[in-house]
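>
In this note's numbering, the protein residues as written are 377 to 795.
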């Protein structure tokens, strides 16, 4: 049975890439692939990875003063500059911190490989952790999974991006969430577009089945994500206030966390605004219940890959209102059809906030989209299972497994342990 080593530089399960790791390891096990993982976690954080045996998980520990080869003294370095937990940004690391980060992950990956002898490495994010995997295991085929936030980091931390490009020139395959993203990765990494493959993103249909739950919906709008300007939360709060002028019973539920002054300010604004509920971070079962009780899911992000939460919202029976970003328009607008209200995006400052003069018009457009989505929800409209079938995790895992098999066949391993 072929063995795949997954590497992720941050915490599993709490962001799109971390959820993807856990869903892929579980779904591909049923397709005949064993899994191990290298992850980055706080010293007191959860070390388990769903779908991976506990003794097959290797952790680089952040905020640790233990002084070991896999211990780093600072917070987890996040692939977004605002994470749902305490984190550092790539641009904030000095040369010594970057070297220490590199050495820790190279050591972790080599140690994991010595114990499990992987046939293939699947690196989450086309960023420094993928480069470290190539450096640590140059003879093992490397598949890199682009999640979108890594593309942003090429602009935010260009010096790190130079090192990434140099090490990933020889990657075996890069899988992405949608077609436009594949083109951008090929350009950023200067690789042949033929080495990219679109695999999409997914949800678990059995968990989100909305049958019989329409009676719970009323006029509730839900947002799931980091509380940040880049996710459009400032615009969403303003749009909700506008919407309440004509729909005074409309409620907004904000699900998610965030650290730093920006997230703190948004939480304070939400607490002071009528009709807004701050739910914080939720476990999976509670999140499903919130989605089942919501009429509309809103995602007014300023940049995004292929948002998992939109698929989960649609699967739970909610109408959707989202910014017209490439992944949303290119991958979701067609299949979801009338279940998705697309909102023209604003001009931005580096994709992190609305440009001056853009917030209010964007909020007005978003409020109008939310109003239309609520009206459709009240009529009982929603996306059907046929439209969502290509986006199940089983479907995504099947496409990823096909890429793995092709890469292994090209390498001539066929799943035998590597020497």
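Where a beta carbon is used, it is the ideal one built from N, C-alpha and C, also for glycine.
Determine the extent of the beta strand (DSSP E) in which residue 597 is found, giving its start and end residues.
Taken as a continuous stretch (DSSP letters only), the beta strand (DSSP E) holding residue 597 covers 596-600.
> Could you tell me whether the region 594-603 touches the region 421-437, where touching means 3 or more Cβ pairs closer than 8 Å?
No, they do not touch.
> Once you ignore the five residues that flank residue 723 on each side, which residues in its own chain have a CB closer than 7 Å to its CB?
For residue 723, where only same-chain residues beyond five positions count, the Cβ hits under 7 Å are 731 and 734.
> Starting from the C-beta of residue 657, find all residues in its chain whose C-beta is less than 7 Å away, skip the five residues before and the five after it, and write them out in chain order.
Result list for residue 657: 460, 632 and 633, in chain order.
> May I ask you to report which of helix, strand or coil DSSP gives residue 567?
Three-state DSSP puts residue 567 in coil, outside helix and strand.
> Would residue 721 be called buried (16 or more neighbouring beta carbons within 10 Å of its own) or exposed?
By the neighbour-count rule (16 or more Cβ atoms within 10 Å), residue 721 is buried.
> Report the residue from 493, 431, 541 and 697 whose alpha carbon sits nearest the alpha carbon of residue 563.
The shortest C-alpha separation from residue 563 is found at 541.
> Taking 9 Å as the threshold (C-beta atoms), are residue 775 and residue 576 in contact?
For residue 576 and residue 775, yes; Cβs fall inside 9 Å.
> Quick check on residue 607: buried or exposed, where buried means 16 or more other Cβ atoms within 10 Å of its Cβ?
Buried, because 16 or more other Cβ atoms sit within 10 Å of the Cβ of residue 607.
> Out of curiosity, what's the CA-to-CA distance linking residue 698 and residue 441?
About 43 Å.
> Applying the criterion that 16 or more other CB atoms from any shown protein chain within 10 Å of the CB defines a buried residue, is residue 464 buried or exposed?
Buried, since its Cβ has 16 or more Cβ neighbours within 10 Å.
> Using CA atoms only, rank isn't needed, just tell me which of 399, 742 and 782 is closest to residue 611.
Comparing Cα positions, the closest option is 742.
> Name the two residues that bound the continuous alpha helix (DSSP H) containing residue 774.
Element bounds for residue 774: 769-787.
> Express the C-alpha separation of residue 395 and residue 583 in angstroms, rounding to a whole number.
Going from the Cα of residue 583 to the Cα of residue 395 covers about 15 Å.
> Got a sec, what are the start and stop residues for the beta strand (DSSP E) residue 695 sits in?
Here the beta strand (DSSP E) through residue 695 covers 695-699.
> Does the structure place the region 616-630 close enough to the region 649-663 that three or more beta carbon pairs sit under 8 Å?
The region 649-663 vs the region 616-630: in contact.
> From residue 591 to residue 669, what does the alpha carbon distance come to, in whole angstroms?
Because the pLDDT of residue 591 is 49, which lies under 50, any placement of that residue in the model is unreliable, and the number read from its coordinates should be weighed accordingly. Their Cα atoms are separated by approximately 8 Å.
> Going along the chain, which residues of its own chain have a beta-carbon closer than 8 Å to the beta-carbon of residue 768, five neighbours each way excluded?
Correct list, in chain order: 578, 579, 580 and 581.
> Going by the DSSP bridge assignment, what does residue 397 pair with across the sheet?
According to DSSP, residue 397 bridges with nothing at all.
> So what's residue 491 in DSSP terms, helix, strand or just coil?
Residue 491 falls in the helix class under three-state DSSP.
> Can you tell me where the alpha helix (DSSP H) with residue 640 in it begins and where it stops?
Start and end: 637-648.
> Can you check whether the CB of residue 521 is closer than 9 Å to the CB of residue 343?
Outside the displayed span of the chain (377 to 795) sits residue 343, for which this structure offers no information.
> CB-CB under 7 Å to residue 548, same chain, minus the five flanking residues each way: which ones, in chain order?
Counting only Cβ-Cβ distances below 7 Å, and skipping sequence neighbours, we find 517, 518, 519 and 783.
> Any idea which residues DSSP pairs residue 668 with across the strands?
Beta-bridge pairing links residue 668 to no other residue.
> By Cβ distance, which residues of its chain are closer than 8 Å to residue 479, with the 5 residues on each side in sequence left out?
445, listed in sequence order.
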